[in-house]
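Colleague: Protein chains in written order, with the working numbering: chain A, 1144 to 1550; chain B, 465 to 643; chain C, 58 to 224. Glycine included, each C-beta is placed from N, C-alpha and C at the ideal position.
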Amino acid sequence: MTENLHSSSLGLEESTSPDHRDLLFVNLGPSHPATHGALRAFCALDGETIVAAVVEQGYLHRGFEKDCESHTFQQAIPYTDRLNYVSAMMNNVGYCKAVEKMLGIQIPDRAVTLRVLICELNRIIDHVVCVGANLVDLGALTNFWYFFNVREKVYDILEKLCGARLTSSYTRIGGLMRDVYPEFGDEVRAVLQDVQTSLKDVKGLIAKNRIFLDRTKDVCVITKERAISYGFTGPTLRACGMDYDLRKAEPYYGYDQYEFEVPVGTTGDVYDRIFVRLYEVEESISIILQALKRLPEGPIMTDDKRVALPPKTQTYGNIEGLMNHFKIIMHGICPEPGEIYDATEAANGELGYTIIADGSKNPYRVKCRPPCFMNFAAFGEMIEGSMVADAIANLGSINIIAGELDR
Amino acid sequence: MEATEIVEQLNHSLPGTVRNVLDRFGQAELEIDPVRTVEVLRFLQQTPGLEFNMLVDLVSLDYSTFPGWTGPRFGLLYLLKSLTQGHRLQVKTYLSAENPQSPSVTSLWANANHLEREAFDQMGIRFTGHPNLKRLLNHHEFVGHPLRKDYPITRRQALSANQSLMDEMEARLKERGIS
Amino acid sequence: MGIEEFPAITTRLDAVQAWGRSNSLWPLAFGTACCAIEFMSVAASVFDLSRFGAELIRFSPRQSDLLLVAGTVTFKQAPILRQIWEQMPDPKWVISMGVCASSGGFYNNYCTVQGIDQIVPVDVYIAGCPPRPEAILEAVMKIQHKIANPRTTPASQFLVKEPHFDY
């Protein structure tokens, strides 16, 4: 195998055409310091400027869709965790929402409010990692430490909530895995104070920083029309000036009753993409505080017998409970044959699931619509004409999570 | 806009394209003639009042083991959305098993390029008129189409060496007029 | 003669070498998936990796001696991993972080390598999905123990065979 390694992977590619002899062909990736997962951009450089770029992905294709076809609906939930792994609970919520809509189940109000709360908390940590890693690529390492301390504090909360720091699998079809612990509200409020402090620190470091502004303003601009044609959604689309947020346009889970604003940029450059995310963190803080105030009492799991495991007193107490438990575990959730597409506003944009059920306990087809797939499709076009350092800054700003990109 | 109005407009301007209309949990799904995919999607994208300016997703489907299925084996589901009008639509085409082919819509939406490459890679549906129909997610030495129902999930295929992207680069340089 | 009369310490050469190598490991974080985020946590301030001397995380294989594979390795990525490992100069050690790198994880399918020991020889395996940062620190400590103990040979000095995939 060592003998047949192509010279291209050594970065010493030579073009076959005699006209291109003075261009340098370089691979950015798939193993590169901008730790955004494994992707590859093959660039033709004229000096330091990228004159042409070709992108390749698939280095983290783990067969999510094929795996879902051989597992039950509930067993697919841990696979969804690993899609956008920096904000894992948002994928869980998106998937469970689609399956619940297919089954026609209404989840209790407490579960709805808690799902909104954890989605916004995960949105905060996603934006925090994205901006932190982006700033590391620009050379501003301190912001990364500030933001990662915040992330560790949120990890402590998530760990107390569901047992895992990163890949949580917190939702279940019909509700949530378990209820929140008693000190949850106070700890979340304390963490939000820390988020505000670190936001202030980071903005203080970068907002008027000459170097930061030179490196991000008017760098790798994409126009609104081009962004829509590429299917951008989320912060990357809002940075181009399009005011579109699924939480406002097609509200779900009571988002129309929360008061929050949607930050919209103007130019569609790296600066706008970073600052839209920072302002969204502030809005998410406000939503979480509102959700904590209105958190109702009640169950966190529906009592629909098709999906909810009965309480243990019922399971061991009477025969109906035992049979119900047996049926759900052994025969699974069997929705009626049908097809559904359902979407939520994840941290990166519109995260949608197309689910086809055929009446058996395994889904027939699950397709995840990854928001950063569309961002990456435009990457080659965005970096042409800019310099290598700008391309790296751009890669961080479009928040490629390889787990979601390649599934 | 309601789905019935959209179907009316379609039947008026492009008669004979819509074969069936279904309701998928609140979203309308139009089954259309696969040969006229580009016409229908262009009409949906460009007619004022419809303005489906975003291709949300392109899902490739294999119905071969679906219980009670009698139609063609493959399906393509175009999920459309209008940011200006605020409505969504699903457009489905069915393709035969022997030679699943569909016209490419890369001229209408820029992300169709990668979405169609993925559908080709995973399901083996060819898109006529696509500028660069290569595998996207699996490696270039992969044989077969893994998401088809007759591909066993544990059939692994190793890669000996990553592909050089020089051919794509040459095409791109020519496109941008650089020598 | 005690230490106060003769200003020098006597020791064995390989002990000094081991002391130097184990306390100045330069990791190459080959991060592909979710485990890379946990690795970022290890490198951050709460679970500080630089306490163990492994602060300099550079992504150049020529300048590092500890290859830390964090995340799932697919068949598309496998030649890249092998090439990175071959570019590292001796002595080198490999940590396989997480179940995906150690055995394929729960991705038993057509595109995932069922453990990176089919591609590169591995010194320490860490289980977990993702492993806690303390587990990664323990693995680094095990590597340090391996370096310091002269009777254990690093895996890379065994017969370096070509990658073989036993499916």
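Output needed in chain order: residues of the segment 61 to 86 of chain C with a Cβ under 8 Å from some Cβ in chain A.
Modeller: Taking 8 Å as the Cβ-Cβ cut-off against chain A, the residues of the segment 61 to 86 of chain C that qualify are 86.
Colleague: For a contact meaning CB atoms closer than 9 Å, what does residue 52 of chain C contact in chain B?
Modeller: Because chain C is modelled from 58 through 224, residue 52 of chain C falls outside the range shown and cannot be assessed.
Colleague: Can you give me the Cβ contacts of residue 177 of chain C inside the same chain, cut-off strictly under 6 Å, excluding the 5 residues immediately before and after it?
Modeller: Residue mapping note: residue 177 of chain C aligns to position 120 of the third sequence, counting from 1. These residues qualify, in order along the chain: 142, 151.
Colleague: Counting only Cβ pairs nearer than 9 Å, list the residues of chain B close to residue 137 of chain C.
Modeller: The residue labelled residue 137 of chain C in the question sits at position 80 within the third sequence. Result: 626.
Colleague: Taking the straight line between their C-alpha atoms, what separation do you get for residue 451 of chain B and residue 1430 of chain A?
Modeller: Chain B is shown only over 465 to 643; residue 451 of chain B falls outside these bounds and no answer can be derived.
Colleague: I need the boundaries of the alpha helix (DSSP H) containing residue 222 of chain C, first residue and last residue.
Modeller: Sequence index remark: in the third sequence, residue 222 of chain C carries index 165 (1-based). Note, residue 222 of chain C: premise wrong, no alpha helix (DSSP H); not H, not E.
Colleague: Assuming contact is defined by CB atoms lying nearer than 8 Å, are residue 617 of chain B and residue 540 of chain B in contact in what I supplied?
Modeller: Locating residue 617 of chain B in the second sequence gives position 153, counting from the first residue. Locating residue 540 of chain B in the second sequence gives position 76, counting from the first residue. No, Cβ-Cβ distance for residue 617 of chain B and residue 540 of chain B is not below 8 Å.
Colleague: Leaving out five residues on either side along the sequence, give the residues of the same chain with a beta carbon under 8 Å from the beta carbon of residue 1153 of chain A.
Modeller: Within the first sequence, the letter at position 10 stands for residue 1153 of chain A. Caution is warranted here: a pLDDT of 45 is assigned to residue 1153 of chain A, below 50, making its placement in the model unreliable, and the coordinate value is therefore given only provisionally. Hits under 8 Å: none found.
Colleague: Just to confirm my understanding: we take residue 506 of chain B, look at its own chain, exclude 5 residues before and 5 after, and list those with CB closer than 7 Å. What are they?
Modeller: Numbered from its first residue, the second sequence carries residue 506 of chain B at position 42. Correct list, in chain order: 572.
Colleague: To the nearest angstrom, report how far apart residue 1531 of chain A and residue 1193 of chain A are at their CA atoms.
Modeller: Indexing the first sequence from 1 puts residue 1531 of chain A at position 388. Indexing the first sequence from 1 puts residue 1193 of chain A at position 50. Between residue 1531 of chain A and residue 1193 of chain A, the C-alpha separation is close to 7 Å.
Colleague: Indicate whether residue 1242 of chain A and residue 1396 of chain A have their beta-carbon atoms separated by less than 8 Å.
Modeller: Here residue 1242 of chain A corresponds to residue number 99 of the first sequence, with the count starting at 1. Here residue 1396 of chain A corresponds to residue number 253 of the first sequence, with the count starting at 1. Taking 8 Å as the Cβ cut-off, residue 1242 of chain A and residue 1396 of chain A do not qualify as a contacting pair.
Colleague: Looking at residue 161 of chain C and residue 185 of chain C, is the spacing between their C-beta atoms short of 8 Å?
Modeller: Here residue 185 of chain C refers to the residue found at position 128 when the third sequence is read from its first residue. Here residue 161 of chain C refers to the residue found at position 104 when the third sequence is read from its first residue. Not in contact: residue 185 of chain C and residue 161 of chain C (Cβ atoms no closer than 8 Å).
Colleague: If we define contact as Cβ-Cβ less than 8 Å, is residue 149 of chain C a contact residue for chain A?
Modeller: Position 92 of the third sequence, counting from 1, holds the residue named residue 149 of chain C. Residue 149 of chain C does not count as touching chain A.
Colleague: Quick one: Cα of residue 575 of chain B to Cα of residue 544 of chain B, how far?
Modeller: For the purposes of this step, residue 575 of chain B is identified with residue 111 of the second sequence, where counting begins at 1. For the purposes of this step, residue 544 of chain B is identified with residue 80 of the second sequence, where counting begins at 1. One C-alpha to the other measures close to 12 Å.
Colleague: Quick check on the DSSP output: the beta strand (DSSP E) that includes residue 1498 of chain A runs from which residue to which?
Modeller: Here residue 1498 of chain A refers to the residue found at position 355 of the first sequence. First-last of the beta strand (DSSP E) with residue 1498 of chain A: 1493 to 1500.
Colleague: Of the residues that make up the segment 1179 to 1202 of chain A, which ones have a beta carbon closer than 7 Å to any beta carbon in chain B?
Modeller: For the segment 1179 to 1202 of chain A, which is checked against every Cβ of chain B, the residues closer than 7 Å are 1185, 1187, 1194, 1195, 1197, 1199, 1200, 1201.
Colleague: When the Cα atoms are used, what is the spatial distance from residue 1543 of chain A to residue 165 of chain C?
Modeller: Stepping through the first sequence from its first residue, residue 1543 of chain A is reached at position 400. Stepping through the third sequence from its first residue, residue 165 of chain C is reached at position 108. Using only the alpha carbons, I get a separation of about 25 Å.
Colleague: Alpha carbon to alpha carbon, what distance is there between residue 1237 of chain A and residue 532 of chain B?
Modeller: For the purposes of this step, residue 532 of chain B is identified with residue 68 of the second sequence, where counting begins at 1. For the purposes of this step, residue 1237 of chain A is identified with residue 94 of the first sequence, where counting begins at 1. Each residue's Cα considered, the two are about 29 Å apart.
Colleague: In terms of alpha-carbon separation, which member of B/471, B/602, B/548 lies closest to residue 492 of chain B?
Modeller: Translated into positions along the second sequence, residue 492 of chain B becomes position 28. Closest option to residue 492 of chain B, Cα to Cα, is B/471.
Colleague: Name the two residues that bound the continuous alpha helix (DSSP H) containing residue 150 of chain C.
Modeller: Taking the first residue of the third sequence as position 1, residue 150 of chain C is located at position 93. It is not in any alpha helix (DSSP H) - residue 150 of chain C instead sits in the beta strand (DSSP E) that spans 150 to 154.
Colleague: Can at least three beta-carbon pairs, one atom from the segment 1290 to 1299 of chain A and one from the segment 1331 to 1339 of chain A, be found at a separation below 8 Å?
Modeller: Contact between the segment 1290 to 1299 of chain A and the segment 1331 to 1339 of chain A is present, because at least three Cβ pairs lie under 8 Å.
Colleague: Alpha carbon to alpha carbon, what distance is there between residue 521 of chain B and residue 554 of chain B?
Modeller: In the second sequence, the residue the question calls residue 554 of chain B occupies position 90. In the second sequence, the residue the question calls residue 521 of chain B occupies position 57. C-alpha separation (whole angstroms): 10 Å.
Colleague: Are there 16 or more other CB atoms within 10 angstroms of the CB of residue 70 of chain C, so buried, or fewer, so exposed?
Modeller: In the third sequence, residue 70 of chain C corresponds to position 13, counting from 1. Label assigned to residue 70 of chain C: exposed.
Colleague: Pull up the distance between the alpha-carbon of residue 123 of chain C and that of residue 1259 of chain A, whole angstroms please.
Modeller: Numbered from its first residue, the third sequence carries residue 123 of chain C at position 66. Numbered from its first residue, the first sequence carries residue 1259 of chain A at position 116. Spanning the two alpha carbons is a distance of roughly 42 Å.
Colleague: Output the distance between the C-alpha atoms of residue 509 of chain B and residue 1419 of chain A, rounded to the nearest integer angstrom.
Modeller: If you number the second sequence from 1, residue 509 of chain B lands on position 45. If you number the first sequence from 1, residue 1419 of chain A lands on position 276. Residue 509 of chain B and residue 1419 of chain A: Cα-Cα distance of roughly 29 Å.
Colleague: Taking the beta strand (DSSP E) that residue 552 of chain B belongs to, which residues open and close that run?
Modeller: One-based indexing of the second sequence puts residue 552 of chain B at position 88. Segment 552 to 559, the beta strand (DSSP E) holding residue 552 of chain B.
Colleague: By how many angstroms is the C-alpha of residue 1222 of chain A removed from the C-alpha of residue 134 of chain C?
Modeller: The count along the third sequence starts at 1 and reaches residue 134 of chain C at position 77. The count along the first sequence starts at 1 and reaches residue 1222 of chain A at position 79. Going from the Cα of residue 134 of chain C to the Cα of residue 1222 of chain A covers about 20 Å.
Colleague: At what residue ranges does the segment 1441 to 1485 of chain A contain a whole run of the alpha helix (DSSP H), taking only runs of 4 or more?
Modeller: Counting only runs of 4 or more, we get 1455 to 1460, 1462 to 1469.
Colleague: In this structure, what does DSSP give as the bridge partners for residue 542 of chain B?
Modeller: Against the second sequence, residue 542 of chain B aligns to sequence position 78. Residue 542 of chain B pairs with B/522, B/555.
Colleague: With a threshold of 8 Å between beta-carbons, can residue 1229 of chain A be considered close to chain C, or not?
Modeller: For the purposes of this step, residue 1229 of chain A is taken as residue 86 along the first sequence, with counting starting at 1. Chain C contact via Cβ: present.
Colleague: In or out: residue 585 of chain B buried (at least 16 other Cβ within 10 Å) or exposed?
Modeller: Reading the second sequence from its first residue, position 121 is the one you call residue 585 of chain B. Buried.
Colleague: On the DSSP letters alone, give me the boundaries of the beta strand (DSSP E) that residue 1282 of chain A sits inside.
Modeller: Position 139 of the first sequence, counted from the first residue, corresponds to residue 1282 of chain A. Run containing residue 1282 of chain A: none; DSSP gives neither H nor E here.
Colleague: Output the boundary residues of the alpha helix (DSSP H) element that contains residue 577 of chain B.
Modeller: As a position in the second sequence, residue 577 of chain B is number 113, starting the count at 1. 576 to 587 is the span of the alpha helix (DSSP H), which, as asked, contains residue 577 of chain B.
Colleague: Should residue 1324 of chain A go down as buried or exposed, given a rule of 16 or more other Cβ atoms within 10 Å for buried?
Modeller: As a working mapping, residue 1324 of chain A is identified with position 181 in the first sequence. By the neighbour-count rule (16 or more Cβ atoms within 10 Å), residue 1324 of chain A is not buried but exposed.
Colleague: So, under 8 Å CB-CB, residue 1385 of chain A and residue 1371 of chain A are touching, yes? Tell me the CB distance rounded to an integer number of Å.
Modeller: Here the question's residue 1385 of chain A lines up with position 242 in the first sequence. Here the question's residue 1371 of chain A lines up with position 228 in the first sequence. Right, the Cβ-Cβ distance comes to about 7 Å (below 8 Å), so this counts as a contact.
Colleague: Closer than 7 Å between beta carbons: that is the criterion. Which residues of the segment 590 to 612 of chain B meet it against chain C?
Modeller: So the list reads 602, 603, 610, given in the order they occur along the chain.
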